[in-house]
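K.L.:
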Amino acid sequence: MDRTLPALPDHLFARLAELGIKTETYHHPAVFTVDESAPVKTAIPGAHSKNLFLKDRKGRLFLVVALDRTPIDLKRLHSVIDANGRLSFGSADLLRQVLGVEPGSVTPFAVMNDADSRVRVILDEALMRHQTVNFHPLRNTMTTGIAREDLIAFLRATGHEELICPLPAPPAEIA
0 MDRTLPALPD HLFARLAELG IKTETYHHPA VFTVDESAPV KTAIPGAHSK
50 NLFLKDRKGR LFLVVALDRT PIDLKRLHSV IDANGRLSFG SADLLRQVLG
100 VEPGSVTPFA VMNDADSRVR VILDEALMRH QTVNFHPLRN TMTTGIARED
150 LIAFLRATGH EELICPLPAP PAEIA
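Just so we're aligned, residue 0 is where the sequence shown starts under numbering that gives the first Met the number 0, counting upward by one.
This is the structure in structure tokens:
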């Protein structure tokens, strides 16, 4: 696909159509956090997500895509995803540079902007148990539902292999 980066939602939808992937998109007011998006999610079928843009001590980048209410122990996450040392959040500037999205619009769809495949995509096993998963289509004024198998096909078409794994819960959350 010949276009200028970063991709816009229309570029994403065109790429999904090119891959034969069906989606359903809902328009809504801008939402920036999981809590803020709760009223919007009630009208949209499927599982909803939270997306964390992280980096390790060596500067390797990770996009952790989790079920929206999954508690994650960031102090132990590095050992599960083979990161070098503890993880920290990537800056807004790094997010814009690598994934081409603004804070509040982080989404696995943004890997289409990561032409150098710098970002490792980590999918929460709990999220991937759902048939339909929902993400912002590069902007936080819309939510797009996609079948979990089609999400994986999309990621692979962008040159990103996914790692599906259970994410470590904080110690207080362990049953």
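Here a beta-carbon is modelled for each residue, glycine too, at the ideal position from N, C-alpha and C. Every value quoted in this text rests on a predicted model; they were computed, and no experiment measured them.
Assuming V39 contacts P107 (C-beta within less than 8 Å), just tell me the rounded distance between them.
P.N.:
With a Cβ gap of about 18 Å, V39 and P107 do not count as contacting.
K.L.:
Can you find the residues in the same chain that come closer than 7 Å, C-beta to C-beta, to F31, ignoring five residues on each side of it along the sequence?
P.N.:
Correct list, in chain order: G103, N139.
K.L.:
Answer with buried or exposed for P170, where buried requires no fewer than 16 other C-beta atoms within 10 angstroms of its C-beta.
P.N.:
That one is exposed.
K.L.:
How about the segment 47–54 and the segment 74–88: do they share at least three Cβ pairs that are nearer than 8 Å?
P.N.:
With the cut-off at 8 Å, the segment 47–54 and the segment 74–88 touch.
K.L.:
Would DSSP call E135 helix, strand or coil?
P.N.:
According to the sequence provided, residue 135 is His. The question's Glu does not apply to it. H135 falls in the coil class under three-state DSSP.
K.L.:
From T117 to P28, what distance separates their C-alpha atoms?
P.N.:
Per the sequence shown, the amino acid found at residue 117 is Arg instead of Thr. Answer to the nearest angstrom: the Cα atoms are 31 Å apart.
K.L.:
Could you name the residues of the same chain whose beta carbon sits closer than 6 Å to that of A42, not counting the 5 residues immediately before and after it, in chain order?
P.N.:
So no residue of the chain qualifies.
K.L.:
Measure the alpha-carbon distance for D1 versus H10 and round it to whole angstroms.
P.N.:
Residue placement at D1 is poorly supported in this model, since its pLDDT is 45, which falls under 50; the coordinates are not used for a value here.
K.L.:
Helix, strand or coil for S87 per DSSP?
P.N.:
S87: strand per DSSP, three-state reduction.
K.L.:
Excluding the 5 residues preceding and the 5 following M141 in the sequence, name in chain order all residues of the same chain whose CB lies nearer than 8 Å to its CB.
P.N.:
Only P8, T24, Y25, H26, H27, H135 meet the Cβ criterion.
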